[in-house]
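Undergrad: There's a structure below that I have some questions on.
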Amino acid sequence: MDRAEHISIEPAISLAADELEQCDFSFDIAWELNAPYQDLLDLRALPARRKNYGFDPAGWADEASGKTALFRATAGGRFAGFVAVAERWNGMAEIAELAVDREHRRLGIGQFLLAAAEAWARHHGFGFMRLETQANNVAACSTYARAGFTLGGHDRFLYAGGENAGEVALFWYKDLRDGQTARSRTVDPASVRPVR
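Counting along the sequence shown from 1, when you hit position 183 you're at 185 in the numbering used here, and nothing is skipped either side.
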């Protein structure tokens, strides 16, 4: 894809199943952050594998306890990714899902989607944003750190009973109370219209 192609982030009510099926949201795992997970360059090698979280476009909003938003990204007119954000029980805006199609990575789309979610959260008066990822998703951790998120904690046992046993959950937070915008690319809150 040409890096000069137009990238657009727009609010959405839902995502078309055929668009989701045409995308490859998987990511490669070859490294894991070492405890205490603060240094993004302190890594250990893992056996290489590919992972896909999967996404239920109909079900994510059902888990929310309040406001929700969905933003879709297009690049050159093609669907390229999305972010789903929701109010959670603790009054924070949570990034429930963030995915960029493998073909459209390294174009800044993840940063644009995070900025749209942040603009939405600020518009709705949230003081914090949060998200969860794993210590073996190093690229995502780097993206969140560049967007101004701070690692708030980890859980070595969150996935112990499932197919991801042995993975470490990392919880990232962004304080929105200070009035600062994301360190990298930002979205003008006035350009993000609520989905009705």
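Every residue, glycine too, gets a C-beta built ideally from N, C-alpha and C.
Computed from a prediction, not measured in an experiment: that's the story for all the values here.
If you reduce the DSSP assignment to three classes, tell me which class Phe84 lands in.
TA: As a first step, residue 84 must be located in the sequence shown, where it is residue number 82. Correct three-state label for Phe84: strand.
Undergrad: Pull up the CB-CB distance for Ala77 and Ile9, whole angstroms please, since I reckon it's below 8 Å.
TA: Residue 77 sits at position 75 when you count from the first residue of the sequence shown. Residue 9 sits at position 7 when you count from the first residue of the sequence shown. Contact holds; Cβ gap of about 5 Å.
Undergrad: Classify Ser144 as helix, strand or coil using the three-state DSSP reduction.
TA: On the sequence shown, position 142 is the one that residue 144 refers to. Three-state result, Ser144: helix.
Undergrad: Under three-state DSSP, which class holds Arg104?
TA: As a first step, residue 104 must be located in the sequence shown, where it is residue number 102. Three-state DSSP puts Arg104 in a helix.
Undergrad: Would you grab the beta carbon distance between Leu2 and Glu169 for me? Rounded to a whole angstrom, and I think it's under 8 Å.
TA: In the structure displayed, the chain extends from 3 to 198; residue 2 sits before or after that span and is not available.
Undergrad: Give the DSSP bridge partners of Ala171, in chain order.
TA: The residue labelled residue 171 in the question sits at position 169 within the sequence shown. Paired residue(s): Gln136 and Asp157.
Undergrad: Using a Cβ-based criterion (distance less than 7 Å to any ligand heavy atom), does Asn92 qualify as near the ligand MN?
TA: Annotation note on the ligand MN: not contained in the displayed structure, which lists no ligands.
Undergrad: Please classify Gly79: is it buried, with 16 or more other beta-carbons within 10 angstroms of its beta-carbon, or exposed?
TA: As a working mapping, residue 79 is identified with position 77 in the sequence shown. Flag for Gly79 reads exposed.
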